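Anchor point for the sequence shown: position 60 equals 57 in this note's numbering, and the numbering is continuous, going up by one each time. Worksheet for the structure shown next.
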Amino acid sequence: MSAALHAEFDRSLLEKLEYATPFFLFSRKRVTGKFQEFQKYFPGSLIHYAMKANAESGLLQTLFDAGSGFEVASIHELNMLKEVGVPPEKMIYGTSVKPSSHIKEFFDYGVDRFAFDSLPELEKIAAVAPKSRVYVRVIVNDTGSVFRFSEKFGTDRENIVPLLQRAKALELHPYGISFHVGSQASNPLAWAAALESLQPALEHLKKLKIKLDIIDIGGGYPCAYASTEEELSLEEIARHTLDQYQKLPYQPQLLLEPGRGIAATTAIVVTTVISRVERKSGTWLFLDAGVYNALFETMAYQGSTRYKVTSLRPSYDAGEMLFALAGPTGDSPDIITHEALLPQDLAVGDKLILHDVGAYSLVTASRFNGFPKPDVYFV
Ligand SMILES: Cc1ncc(COP(=O)(O)O)c(C=O)c1O
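Have a look at this one:
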């Protein structure tokens, strides 16, 4: 397993930190850098960070300062953005199924862009957020992604035109179409293929004189975890996507909702070995960070994320061996990995670093067994 330490988290810095573990350490420089990468490869597009990936106020503030917009999923997230001072025109409410009371609160704050994926949802928006801009979420092929959404969200392509016509009839503004290729995508052509599939609907809408403002190509931009077979670059994804975009009958502005693609590599978690035990299956290191308090995505669901792990203390040539890593709770799914290659001589009190843990970690932390959410620091 290669270490792939980002320069912002170098060993000499980490050795000096005396914070109690487990703790997350974020790099503001990496947050800004990631946002700027999206701006660079998708010039002229709207970038709305999907804050469900990580809603730490320091990260939200850094992105807001850099000029980012936000894709927001509830009034609770809305309140976090209000605290940072984000104005309504920087927000879209992107979950396509929402409580009416949440739609209303967004509308009262001044947000006027809402996703929907069915007639009842559209009628809900028309009732409490009149004259808003609405965009329809459509199902696309998400089979190349670790986490897929199309079972739960999105409408079939043939419903795009009637739903946007209906939006117009309800005096809403047909703003655009959105899709999500699934989180942690592995196919660099996924976004291009999704755009291609929208071509007939765009042509049909054009004939009906419904000209869309945006196409929202969602999130999905992957991170190179230890479990990632092939690394994808944003540059490659952008090249394929923009080629296809140029072939559309006209070019509505692109809107992107990167969550993982911005947050993942901006943080590490530093954790301490609380026990080293021999089991029939091998040697286990129990850590003070685990699935429940910090590393939810290591739990097997549609997939299971394997983070890169390194030891803070060098091995002094002791050699390396495979360990199983487990969290501190009494629950058996609280296992981070069965195979981390680490220095053989690791012992209780040694610190480990899990890399690229910025996405879907703190936001999903629970108090299972009473363990609190780790502290968070920024450099
Ligand atoms: C509507 C919407 N947009 C954006 C995202 C962010 O996806 P990702 O973290 O894969 O970029 C999600 C993830 O759940 C989502 O549901």
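Note that CB positions come from ideal geometry on N, CA and C, so glycine has one too. All of these numbers come straight from a predicted model, not from anything done at the bench.
Among the options, which one has its Cα closest to the Cα of residue i?
| i | options | result |
| --- | --- | --- |
| SER175 | ALA182, GLN181, TRP188 | TRP188 |
| LEU209 | TYR247, ALA124, PHE368, PRO40 | TYR247 |
| ILE259 | GLU12, GLU317, ALA47, GLU5 | ALA47 |
| LYS203 | GLY173, ALA182, ALA191, VAL373 | GLY173 |
| HIS335 | SER301, LEU229, TYR313 | SER301 |
| LEU231 | PHE21, SER194, PHE35, ALA297 | PHE35 |
| VAL376 | ASP139, ASN366, ALA264 | ALA264 |
| GLU148 | VAL158, VAL135, GLU155, ILE157 | VAL135 |
| ARG130 | LEU229, ALA261, GLY91 | GLY91 |
| SER373 | LEU11, LYS31, PRO19 | Note that residue 373 is Val in the sequence shown here, rather than Ser. The option with the nearest alpha carbon to VAL373 is PRO19. |
| GLY442 | GLU227, GLU5, ASP62, SER97 | With the chain running from -2 to 376 in the structure shown, residue 442 is simply not present. |
| ASN366 | LYS87, GLY346, GLY327, ILE333 | GLY327 |
| GLY107 | LYS121, PRO96, SER97, GLU86 | GLU86 |
| SER93 | LEU57, ARG110, LEU78 | ARG110 |
| LEU75 | GLU15, ALA63, ASP62, PHE104 | PHE104 |
| ILE214 | GLU155, SER42, ASP114 | SER42 |
| PHE146 | GLY179, ALA17, ASP114, SER115 | GLY179 |
| PHE21 | LEU78, MET77, ARG236, THR262 | THR262 |
| THR225 | SER97, SER183, HIS177 | SER183 |
| TYR313 | ILE333, GLY287, MET296, PRO340 | PRO340 |
| LYS37 | ARG236, ARG276, VAL267 | ARG236 |
| ALA198 | ILE234, ARG154, HIS177 | ARG154 |
In three-state terms, what does DSSP make of residue i?
| i | result |
| --- | --- |
| MET296 | coil |
| ALA0 | Confidence at ALA0 is low in this model, with a pLDDT of 45, below 50, so its placement is unreliable and the value that follows should be read with caution. Of the three classes helix, strand and coil, the one that applies to ALA0 here is coil, per DSSP. |
| ALA182 | strand |
| ALA99 | The sequence given here places His at residue 99; Ala does not occur at that position. Looking at HIS99 - three-state DSSP - the assignment turns out to be helix. |
| TYR172 | strand |
| ILE136 | coil |
| TYR357 | coil |
| SER301 | coil |
| SER42 | coil |
| LEU205 | coil |
| ASP62 | helix |
| ARG163 | helix |
| THR238 | helix |
| ASP392 | This structure does not reach residue 392, given that the chain is present from -2 up to 376, and the question cannot be answered. |
| ARG364 | coil |
| THR280 | strand |
| GLU232 | helix |
| SER9 | helix |
| LYS348 | strand |
| LEU57 | helix |
| HIS73 | helix |
| VAL306 | strand |
| ALA321 | strand |
| ALA291 | coil |
| ALA337 | strand |
| VAL376 | coil |
| PHE144 | strand |
| LEU343 | coil |
Using a threshold of 7 Å, state whether the C-beta atoms of residue i and residue j are closer than that.
| i | j | result |
| --- | --- | --- |
| ALA221 | ASN290 | no |
| ALA123 | LEU167 | yes |
| TYR207 | LEU161 | Before going further, note that residue 207 is Ile rather than Tyr in the sequence given. Closer than 7 Å, so yes. |
| LEU338 | LEU319 | yes |
| ALA223 | TRP281 | no |
| ALA378 | PHE283 | In the structure displayed, the chain extends from -2 to 376; residue 378 sits before or after that span and is not available. |
| PRO330 | ASP285 | no |
| GLY216 | PRO185 | no |
| ILE211 | PRO171 | no |
| TYR357 | GLU294 | yes |
| ALA164 | LEU119 | yes |
| GLU410 | ILE44 | Since the first and last residues shown for the chain are -2 and 376, residue 410 lies out of range. |
| GLU102 | ILE72 | yes |
| TYR242 | LEU192 | yes |
| VAL143 | GLN196 | no |
| LYS370 | THR269 | no |
| ASN51 | VAL360 | yes |
| ALA126 | ILE157 | no |
| LEU60 | PHE23 | no |
| GLU5 | LYS26 | yes |
| LEU57 | VAL81 | yes |
| PHE39 | LEU253 | yes |
| LYS79 | SER97 | no |
| ILE332 | LEU292 | no |
Hey, would you say the C-beta of residue i is under 6 Å away from at least one heavy atom of ligand 3?
| i | result |
| --- | --- |
| PRO96 | Annotation note on ligand 3: not contained in the displayed structure, which lists ligand 1 as its ligands. |
Check whether chain D comes within 7 Å of residue i, counting only Cβ atoms and requiring the distance to be less than that.
| i | result |
| --- | --- |
| ALA126 | Absence of chain D from the displayed structure is noted, only one protein chain being present. |
Pair every Cβ in the segment 303 to 318 with every Cβ in the segment 351 to 369, then say whether three or more of these pairs are closer than 8 Å. yes
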